[in-house]
Each structure stands twice: as structure tokens, then as C-alpha cells.
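*Asks:* Residue numbers (our numbering): -12 to 449. Below are the C-alpha cells for one structure; questions will follow.
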Amino acid sequence: MKRLIQNGTIVTSEGSFQGDVYIENGRIHSIGTGLSARFPGAELVDATGKLVLPGAIDGHTHIDMPLGDIHSSDSYLTGTRAALFGGTTTVVDYANQVKGESLEKTLKDWQNRAKGLTVCDYGFHMTVSDPKEQFLDEIPALLEAGVSSFKCFFAYKGRLMIDNDTFVQLMKLSRKHHFLVNLHAENGDMVEDATLRLLSEGKTGPQFHPQAHPREAEVEAVARAIRLAKDTGGNLNLVHITCKESVELIAEGKMRGVSLFAETCPQYLVLTDEKYKQPGFEAAKWVLSPPLRKLDDQNALWAGLANGTLDTVGTDHCPFFFESQKTLGKERFDRIPNGAPGIEDRLELLYHFGVKQNRLSLTEWVDRCCTAPAKRYGMYPKKGDIVPGANADLVIFDTEKHHTITAESRHMNVDYNACEGMSITGKVEQVFLRGIPVIRDNACLAEPGSGQYLLRFAAEGC
Ligand code: URP
Ligand code: ZN
Ligand code: ZN
């Protein structure tokens, strides 16, 4: 299969230039100008006036995630199809260990869950919920199986929260075996204390969720984790960062040479805690942890993203139906399933609010959404760049197209969109996965199960 994408503006994390991309056997063969003379007979794709980007990589998703008696509402088919519509050709989803079960079994279970359904390429981070020695001993085998990042929690007391001793042990292992520790940095004791106080005062509505997750809980956890990363020499990746003070701590940690990476998410860049003022139960749509913050935080996150303090943007896509799942917490905000949809929106939101509003350059946009996640999560240069030899995962992006985000027009299996009604400019027009057209004319052409599992290796810098 030979394909030539012609006359687009090719954007990578290094620069942008007018030219052609020639694809052969699913890989990028050549990049240059006037390539049709060198490669006659290829199927031509006209990208005149459009951007040509590497397929985006979402390093933070929770697809079909079990939570008590329910699951997050996207299956691997609907979730990864929505990813493709949004220009994301690879996701790294979270496989969550069930207490008492081995990491090996967890990985098998999650691979079975995804099998036959996934339409974009995918890998798994492993959430360690039961950090007993016998399970931590499995880590080298998991690395062999392509899992090069593990998540743990300072939050969710009594369920997932790990203590400092265990965290130190995991960080030391990360140094020895060159893997990344993704951390949900919120102090679970502070969250529980605030939650119980609010409930005892009869403050049970969703609008109290942010008060139960005060910024101090994030800032304490971020400071502690960076301190412990420095002491152990382990490799830390702080996910879904929301606060200005956290950005400052991360900048300082990086300056001191800590092996430290950080991620933020579109919802923290484009929404604020004003959403919790919505009447009735409406605010439940934005019950996610950490919660939405202030405009000041948003500005610090944009600045941190532009100057490289924050490395990547992942979505933390974790959708629950408003009408039938979020309502489990109708009587108590702490019973509302945490999370929001977003897998389809990231690239376009970051273009509109980042590039168009001069907060990010084109190359920074591509780096934070495509190239840096590939490097951090051990997939570079196969994924995340437009270079000869890389997988021909490519997005043709229309910078002029105006549209309005609605749940109706998106493809995620959920009854609301966190950015419902937002009018934005810039839209994913065509997507290629390993050279094959998967999004064209507003339709998904990929067959269920055509997504490939990725054996990820150690992150760059670990
Ligand atoms: O509210 C959130 N973020 N739900 C997903 C799970 C997590 O903590 O990342
Ligand atoms: Zn988390
Ligand atoms: Zn998450």
C-alpha cells in the first residue's frame, strides 16, 4: 500500500514546513517536496491548506473501567473510535489491579477486555492497588510484557491509597528497572477529613466536591512525592496536575535534577470551578479528581505547558452517564463516580485555546499532545513523530473549520460533554493509522479489533 499526502503544512515537535509525506507498508518512507515524481502510482491525498500532524497519543484514559458495580461508559470500541475522531491514534489506558490478584492476571484480563474491539493502537499502564511484595516482584515480568509505567495513589483512602513506605519501595524499583511511576497526587487523609466534615454539616451536593479536594491536598502530595523521588532517585510522573503551586514545585524539582515528568489535562486548561455553581445536581458532570480550579491556576498550567515544566496533556477520559451513573451520588457527593469524558476533544481544544490564543506554538502543541507522550511512555520514534521509519499515524487538521462541541456531535458513549456548547475553530479532518485511512468524511472506517497492542519500553530519561 502506497500513499502520498501532498502539499500540507507538516508540523512536528521540531518545526513546520510545506511538503509531502510518502507512506509505504504502513510506515513513513519519505518526507520532502515534489515527491510525486519520485513515487509514481501512489494513492494521492491532497492536504493543501491543511496541517499534517503525527497521530496524537493520549497517555491517560480509563476505558471500560470497573468502579464498584458499574463501569465507565465507553467500551474499547466506542472509546477508541472516539479517540480516532479526535485525532488520537494511540491510547495508554489504565489496567487496575484488583486487590489480591496478580499483576499478570490483571494484564491478561485487560487485554481480553480490549481484544476484538480496539480501533486505535494501545498500551496499558498498571495501577498497583495491592502493593504486596509478591506483586511487586512481578514488575520485571510486566516490563517484558510491554508495561513500562505503573500508577499509584496518594488519594482514595481505604481503597487505593498507598503509604510513604510503599511509595519509596516502588520508586526504588523504578530506578532499578527503569520504569515510570505515575502518581495521583492528592493527600487522601486531607480529602477524607474534608469530606467527613462537609457531610456532617449536611453539605451533600455535588457543589461541595471541590471543597472536599482542597488545593492543599494536591500541593502537599506533589511536594512529598518530589521529595521522595529526589531521595530515592526514582522516576516520577505526576498526572492530572491542576494547581499553580504544583507547577512551581515541579519546575523547582526539575531544576534540581529530579527524574520528574508532569501531565495536565484539557479540562483544567479550559474550565474553572465556576462549573460547580451550576444549579441542582448539574455540577456532578464535573465531579472529577482533582477538581477544576481557578483562572489563576489555568494561566499557570498554560505557562507551565509552554515552558516545558509540564510535559504532556492526557485526557483522564473517564466517562459516566449523567442520567444513570452520576446519579448514584444524588444523596452524597462522595458517591458520585469520579471522572469526565474527553478522549475526543483534546487536540482540538488545545489548538483553539492554546495555539489560536497564542499560549502554545504549533510545535509545542504537537509536542505536548503527540511527541512527548510517545517519549515518556516508551513508544518513540515508532509513534509520535513524522520521521522516516515511524508508523504512518497521521492527522490532517483543518485550522479554519468552526464547530460547536456537543455530546450529540461527538462519538463518546456518554450523555453529556464537559465542554458542551463551546464554539471552537480547528477540526480533525482525516486520520491514518499505520497508513490506513481510519477517519474520512466524518466516518470511522476502522474494523473493530484492528488496533494493535504496543509493547512499550522504558521511558526516555528513566
Ligand atoms: O476523577 C478522575 N480523575 N477519575 C479517574 C481516575 C483517576 O483518578 O485518574
Ligand atoms: Zn488519578
Ligand atoms: Zn486517571
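Ideal Cβ positions, reconstructed from N, Cα and C, are used throughout, including at glycine. The model shown is predicted, which means the values in this text are computed figures rather than measured ones.
#1: Mark P127 as exposed unless 16 or more other C-beta atoms lie within 10 angstroms of its C-beta, in which case mark it buried.
#2: Can you have a look at H49 and say buried or exposed, based on whether 16 or more other CB atoms are within 10 angstroms of its CB?
#3: Kindly indicate the opening and closing residues of the beta strand (DSSP E) around F154.
#4: Could you name the residues of the same chain whose beta carbon sits closer than 6 Å to that of G110, not counting the 5 residues immediately before and after it, in chain order?
#5: In whole angstroms, what is the alpha-carbon distance linking L432 and A70?
#6: Between which residues of its own chain and T114 is the CB-CB distance below 7 Å, once the five residues before and five after are set aside?
#7: Using only the alpha-carbon positions, how far apart do V401 and A290 sit?
#8: Below 9 Å between beta carbons: does that hold for I10 and A29?
#9: Below 9 Å between beta carbons: does that hold for L337 and F384?
#10: Would DSSP call D7 helix, strand or coil?
#11: Could I get the ranges of all uninterrupted beta strand (DSSP E) runs contained in the region 58 to 138, with 3 residues as the minimum, in chain order?
#12: Any heavy atom of ligand 1 within a distance shorter than 8 Å of the CB on L275?
#13: For F140, I'd like the list of residues in its chain whose CB is within less than 6 Å of its CB, leaving aside the five on either flank, ordered along the chain.
#14: For K272, report the span of its beta strand (DSSP E) as first-last.
#15: Say the cut is 8 Å; is the CB of V300 nearer than that to a heavy atom of ligand 1?
#16: Given this structure, state the Cα-to-Cα distance separating A446 from K313, to the nearest angstrom.
#17: Check whether the Cβ of F137 lies closer than 8 Å to any heavy atom of ligand 5, and answer yes or no.
#18: Check S233 in the structure and name its three-state DSSP category.
#19: I'd like to check one pair, G301 with H227: are the Cβ atoms closer than 9 Å?
#20: Since T76 contacts C107 with CB under 8 Å, what's their CB separation in whole angstroms?
#21: Where are the alpha helix (DSSP H) runs, 4 residues long or more, that stay fully inside the region 164 to 210, in chain order?
#22: For the beta strand (DSSP E) containing D33, list its first residue and its last residue.
#23: Ignore the nearest five residues each way along the sequence and tell me which others in G371's own chain have a CB closer than 6 Å to its CB.
#24: So, at 6 Å on beta carbons, what are the nonlocal neighbours of C305 in its own chain, with the 5 sequence-adjacent residues on each side left out?
#25: Does the region 235 to 254 come close enough to the region 210 to 226 to have 3 or more Cβ pairs within less than 8 Å?
#26: Could you pull out every residue in the same chain whose Cβ sits closer than 6 Å to the Cβ of W273, ignoring the five residues on either side in sequence?
#27: Could you give the DSSP three-state label for D45: helix, strand or coil?
#28: Considering only C-alpha positions, which residue in the set K414, H112 and Q(-7) is nearest to L129?
#29: Short check: CB of I392 to CB of G408, under 9 Å?
#30: Taking L123 as the reference, give the member of Q254, H164 and L297 with the closest Cα.
#31: Please specify which runs of the beta strand (DSSP E), each continuous and at least 3 residues long, are wholly inside the region 244 to 306, giving them in chain order.
#32: Roughly how many whole angstroms lie between the Cα atoms of P266 and P193?
#33: For the region 312 to 354, list the alpha helix (DSSP H) runs that are entirely contained and at least 4 residues long, ordered along the chain.
#34: Between the alpha carbons of K190 and P201, how many angstroms are there, rounded?
#35: Along the chain, where does the alpha helix (DSSP H) containing K362 start, and where does it finish?
#36: State the beta-bridge partners of Y440 as determined by DSSP.
*Replies:* According to the data block:
#1: One-based indexing of the sequence shown puts residue 127 at position 140. By the neighbour-count definition (other C-beta atoms within 10 Å, threshold 16), P127 is an exposed residue.
#2: Against the sequence shown, residue 49 aligns to sequence position 62. Flag for H49 reads buried.
#3: Taking the first residue of the sequence shown as position 1, residue 154 is located at position 167. No beta strand (DSSP E) holds F154; the alpha helix (DSSP H) holding it covers N151 to H164.
#4: Locating residue 110 in the sequence shown gives position 123, where the first residue counts as 1. The beta carbon of G110 is closer than 6 Å to those of V79, L441 and R443 in its chain, skipping five residues each way along the sequence.
#5: Counting from one through the sequence shown, the residue named residue 432 turns up at place 445. Counting from one through the sequence shown, the residue named residue 70 turns up at place 83. Cα to Cα, the separation comes out at about 13 Å.
#6: The count along the sequence shown starts at 1 and reaches residue 114 at position 127. Non-local beta-carbon contacts of T114 in its own chain, meaning distances under 7 Å to residues more than five positions away in sequence, involve Y81, A82, N83, Q84 and K138 in chain order.
#7: Numbered from 1 along the sequence shown, position 414 holds the residue referred to as residue 401. Numbered from 1 along the sequence shown, position 303 holds the residue referred to as residue 290. Looking at the backbone, the Cα of V401 and that of A290 are separated by about 32 Å.
#8: For this step, residue 10 is matched to residue 23 along the sequence shown. For this step, residue 29 is matched to residue 42 along the sequence shown. Contact: yes.
#9: Residue numbering aside, residue 337 sits at position 350 when the sequence shown is read from its first letter. Residue numbering aside, residue 384 sits at position 397 when the sequence shown is read from its first letter. Cβ atoms of L337 and F384: not closer than 9 Å.
#10: One-based indexing of the sequence shown puts residue 7 at position 20. DSSP places D7 in strand when its eight states are reduced to three.
#11: With a minimum length of 3 residues, the continuous beta strand (DSSP E) runs that stay inside the region 58 to 138 are 75 to 83 and 108 to 114.
#12: As a working mapping, residue 275 is identified with position 288 in the sequence shown. In terms of side-chain proximity, the C-beta atom of L275 is found nearer than 8 Å to a non-hydrogen atom of ligand 1.
#13: Taking the first residue of the sequence shown as 1, we reach residue 140 at position 153. Within the same chain, Cβ atoms closer than 6 Å to the Cβ of F140 are found at L147, M148 and H171, the five residues on either side in sequence being excluded.
#14: For the purposes of this step, residue 272 is taken as the residue at position 285 of the sequence shown. Unbroken run through K272: none, as it is neither H nor E.
#15: Along the sequence shown, one-based indexing puts residue 300 at 313. Between ligand 1 and the CB of V300, the shortest heavy atom gap is not smaller than 8 Å.
#16: Reading the sequence shown from its first residue, position 459 is the one you call residue 446. Reading the sequence shown from its first residue, position 326 is the one you call residue 313. C-alpha separation (whole angstroms): 36 Å.
#17: For the structure depicted, ligand 5 is absent and the ligand set comprises only ligand 1, ligand 2 and ligand 3.
#18: Counting from one through the sequence shown, the residue named residue 233 turns up at place 246. In this structure, S233 counts as helix in the three-state DSSP scheme.
#19: Start at 1 with the first residue of the sequence shown, and residue 227 comes out as number 240. Start at 1 with the first residue of the sequence shown, and residue 301 comes out as number 314. Cβ distance < 9 Å, so H227 and G301 count as in contact.
#20: For the purposes of this step, residue 76 is identified with residue 89 of the sequence shown, where counting begins at 1. For the purposes of this step, residue 107 is identified with residue 120 of the sequence shown, where counting begins at 1. The C-beta distance from T76 to C107 rounds to 5 Å, short enough to meet the 8 Å contact threshold.
#21: Runs of the alpha helix (DSSP H) lying entirely within the region 164 to 210, each at least 4 residues long, are 175 to 187 and 196 to 199 in chain order.
#22: Within the sequence shown, residue 33 is the residue found at index 46, counting from 1. Element bounds for D33: E30 to D33.
#23: Indexing the sequence shown from 1 puts residue 371 at position 384. Within the same chain, G371 has close Cβ partners P41, I44, C357, T358 and A361.
#24: What you label residue 305 is simply residue 318 of the sequence shown in a count that begins at 1. Excluding positions up to five away in sequence, the list reads H49, S59 and G326.
#25: The way I'd put it, the region 235 to 254 does touch the region 210 to 226; three or more beta-carbon pairs between them come closer than 8 Å.
#26: The residue you call residue 273 lines up with position 286 of the sequence shown. The beta carbon of W273 is closer than 6 Å to those of K262 and L279 in its chain, skipping five residues each way along the sequence.
#27: Within the sequence shown, numbered from 1, the residue matching residue 45 stands at position 58. D45 sits in a strand when the DSSP states are folded into three classes.
#28: Numbered from 1 along the sequence shown, position 142 holds the residue referred to as residue 129. Ranking the options by Cα distance to L129, first place goes to H112.
#29: Within the sequence shown, residue 392 is the residue found at index 405, counting from 1. Within the sequence shown, residue 408 is the residue found at index 421, counting from 1. Taking 9 Å as the Cβ cut-off, I392 and G408 qualify as a contacting pair.
#30: Working through the sequence shown from its first residue, we reach residue 123 at position 136. The shortest C-alpha to C-alpha distance from L123 to any of Q254, H164 and L297 is the one to H164.
#31: As far as the region 244 to 306 is concerned, its whole beta strand (DSSP E) runs of at least 3 residues are 247 to 251.
#32: Here the question's residue 266 lines up with position 279 in the sequence shown. Here the question's residue 193 lines up with position 206 in the sequence shown. When the Cα atoms are used, P266 and P193 turn out to be separated by approximately 10 Å.
#33: Those alpha helix (DSSP H) runs which fall completely within the region 312 to 354 and span 4+ residues are 333 to 337 and 349 to 353.
#34: For the purposes of this step, residue 190 is taken as residue 203 along the sequence shown, with counting starting at 1. For the purposes of this step, residue 201 is taken as residue 214 along the sequence shown, with counting starting at 1. Approximately 15 Å between the Cα atoms of the pair.
#35: Locating residue 362 in the sequence shown gives position 375, where the first residue counts as 1. Counting along the chain, the unbroken alpha helix (DSSP H) around K362 starts and ends at A359 to R363.
#36: By 1-based counting over the sequence shown, the position of residue 440 is 453. Partner(s): Y109.
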